[in-house]
Structures are given as structure tokens and as C-alpha cells.
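See below for the structure under consideration.
Numbering (my numbering), first residue to last: 14 to 325.
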């Protein structure tokens, strides 16, 4: 049996057996200032940073999201409230190899960001990021130069592609395009050349991190109280909704929902300090990591988890 290259780089065994979570899960545990990987059995099998992982002059604070690079050799994470991005090696002992932004200093000039969200390392080596307060999406090359953008710094209005409301999601698409989620209630799909293909109103005023599903529908979290998760058609029709108002299944400001290969939906329930897996047909939580409403850093606990990514 051939071990997946990602698992080999991390020194993790292949998983066997059935679970609602069909793989290892990387979690951006923001207020604990760490990235962790947990198994379906809820055991932490990897973490960053470990003692000595940061070199002189490097910083790492409040990772808000974490995604594998397109070539699956790196992890890219945005530190939203520190106004920075970091790229680290995908390894048993990861190291930061690239950074952008000035820690705790907001700005719109080259080299600066203002609450960056959802950074991705693309196949062409560029880093794509939603620069929330500057109301733009940027593409940065390895030399840290801005090579492309959507929106204009300071032009915070819904008039895509010229201007955007504050974007808190910029999901890259297989065709080279991008789905942008605008705080204020809009979801926009752009082509690889930046042409607006469609723009739909979301069911909430705070949509977060919209994802394109294989059938062309859109999965989006509602960062509200109570929170909700919706699937929308490209015309904005609600196809499916999860959003109990009360009880153990109620969400509190979920920021990211993704569809897993088994059809279930994984979501960060940020202010409930947990990550959950939801059975789409039954509309119930079937797996969770974290203790509902209780922040912590001990095994089994999270503190404002804001990002997740399924590993093989």
C-alpha cells in the first residue's frame, strides 16, 4: 500500500476503518496561537509551533486559517489580527519559509495588509489573500510584489469587479477563477481573468468563506448568532440549510464550512470553541472536537478555531 505523500511528510500512518471524519483534520486554533492536526479518534498528532520552531525575527500569532499549498508541500496561514501571512514547510518539524505583512501594523502600501483572511498558495507560486479592511483581494508573487488585485484599497462598496465590500473569503477554483465572499451579504464568482460571472445575495448579512461544490452550488457559513450553514444555487436559491436556534446543535458564529468526500459537512463553530461534522441528510452533528462553549488548550479543547482543512 502506497502512503500518501502528505502523510509521509508528516510521518503519519494511513487511516483505516469508518468515521464521519474521513481523514486527519488540520485546525487553525486561533486564540491558542497554534495549528494542530487531529485524527478521527480526536488525538493531536502534529502541532505548530513547537519550542524552537521560530527563528530569530520570525513571529506567529493568531492563525486564522490554514490550507495546504497546491503542490501539497507547504501550509499557508493568515494571521488576521496580526496583519500577516506565513508559509511553512509541510514536515514533521515545520519551519516558516516566507512571510508577508508587518506584525500588528495595518496598512495598504506594498508589504502591508489589514486583517488578511484565507491565504492560499497557488500552483503558480503566487499567494492569494483577502485583505479585509482594505476591501480587496491580492495576488502576491514570491518576491512579495502585488501582481494582481480585485477591488481598490479604500473603495469599500459592492460594485464588483471594480470595488468590493470587505472580503472575508477568496476561495480559488479549479478553473483558475475565485469565489469572493463580501461582508454585508454578497457572494461573487470571478473568472481567471477577473471577469464577474455572477453575484448573489446571501441569506445572512455576514456570509463567510463560500465554497464551490462539484455540482455548481455554493456552500457558505453564516457568521451570525445563531449561526447557520447554507447551500445556494448560482442564482441564490437556498437548496439546504442547517441552523438550529437552540440546543447542542446550535452554532455560534461559524466561519467556514466545507464538504467532505463522504458528503458530510465540516465546520468551524468559532465562538463555541469546537469543530463539528454535520450529517447533511440528518441535519445533526455526528462528530466534534472541542468542548461546546468552553475554551481551552488541553487535549480535546480549542479556543476560537477559525480554519480547517482535511488531509488525506
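Heads up, the beta-carbon is just placed ideally off N, CA and C, and yes, glycines get one too.
As the structure is a prediction and not an experimental result, all values here were calculated from the model.
According to DSSP, residue 206 shares a beta bridge with no other residue. Residue 181 sits in a strand when the DSSP states are folded into three classes. Taking 8 Å as the cut-off, the Cβ atoms of residue 267 and residue 303 do not count as close.
With 16 or more other Cβ atoms inside 10 Å of its own Cβ, residue 109 counts as buried. Residue 257 and residue 162 have their alpha carbons spaced roughly 38 Å apart. In this structure the region 267 to 277 touches the region 314 to 325; the number of beta carbon pairs closer than 8 Å is three or more.
The region 214 to 221 makes no contact with the region 183 to 192: fewer than 3 CB pairs, one atom from each, lie closer than 8 Å.
Residue 20 holds the alpha-carbon nearest to the alpha-carbon of residue 51 among 254, 95, 133, 20. When secondary structure is reduced to three states using DSSP, residue 95 falls in the helix class. Rounded to whole angstroms, the separation of the alpha carbons of residue 150 and residue 191 is 10 Å.
Burial is judged here by how many other beta carbons sit within 10 angstroms of a residue's own beta carbon; residue 91 has at least 16 and is buried. Residue 279 and residue 307 have their C-alpha atoms roughly 19 Å apart. In the displayed model, residue 127 falls within coil according to three-state DSSP, outside both helix and strand. When the Cα atoms are used, residue 85 and residue 66 turn out to be separated by approximately 20 Å. Following the DSSP letters along the chain, one finds residue 323 inside the beta strand (DSSP E) bounded by residues 318 to 323.
When the alpha-carbon of residue 296 is set against those of 253, 121, 17, 58, the nearest one is in 253. Comparing C-alpha distances from residue 285 to each of 273, 276, 309 shows the shortest one belongs to 309. Between the C-alpha atoms of residue 118 and residue 41 there is a straight-line separation of about 22 Å. Assignment of beta-bridge partners to residue 255 by DSSP yields 242. Sixteen is the threshold: when 16 or more other Cβ atoms of the shown chains lie within 10 Å of the Cβ of residue 147, as they do, the residue is buried. With contacts defined as CB atoms closer than 8 Å, residue 194 and residue 200 qualify as a contacting pair. Within the DSSP secondary-structure output, residue 192 pairs in a beta bridge with 184, 202.
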